[in-house]
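Visitor:
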């Protein structure tokens, strides 16, 4: 039982790390590699949409 709990903890930690990494990568990609995104509303909408998708996925995986 303790091995199962440890596996769940490691899996949850790894998934959280992966989601944070993906979010940072998207953030850097939007702000550095796409200079035509001059409008701050477009930037904020895209970033918020990516964050919302990641949070929803995280909640679905660990429900």
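Numbering (my numbering), first residue to last: 20 to 82.
Quick reminder that beta carbons are idealized off the backbone N, C-alpha and C, glycines included.
Taking just the CA atoms, how far does residue 35 sit from residue 82?
Guide: As a working mapping, residue 82 is identified with position 63 in the chain shown. As a working mapping, residue 35 is identified with position 16 in the chain shown. Residue placement at residue 82 is poorly supported in this model, since its pLDDT is 40, which falls under 50; the coordinates still yield a value, given next. Whole-angstrom Cα-Cα distance: 14 Å.
Visitor: Taking just the CA atoms, how far does residue 38 sit from residue 46?
Guide: Counted from its first residue, the chain shown places residue 46 at position 27. Counted from its first residue, the chain shown places residue 38 at position 19. So the two alpha carbons sit approximately 12 Å from each other.
Visitor: Would you kindly work out how many angstroms separate the C-alpha atoms of residue 32 and residue 48, rounded to a whole number?
Guide: Here residue 32 is taken as the residue at index 13 of the chain shown, counted from 1. Here residue 48 is taken as the residue at index 29 of the chain shown, counted from 1. Between residue 32 and residue 48, the C-alpha separation is close to 24 Å.
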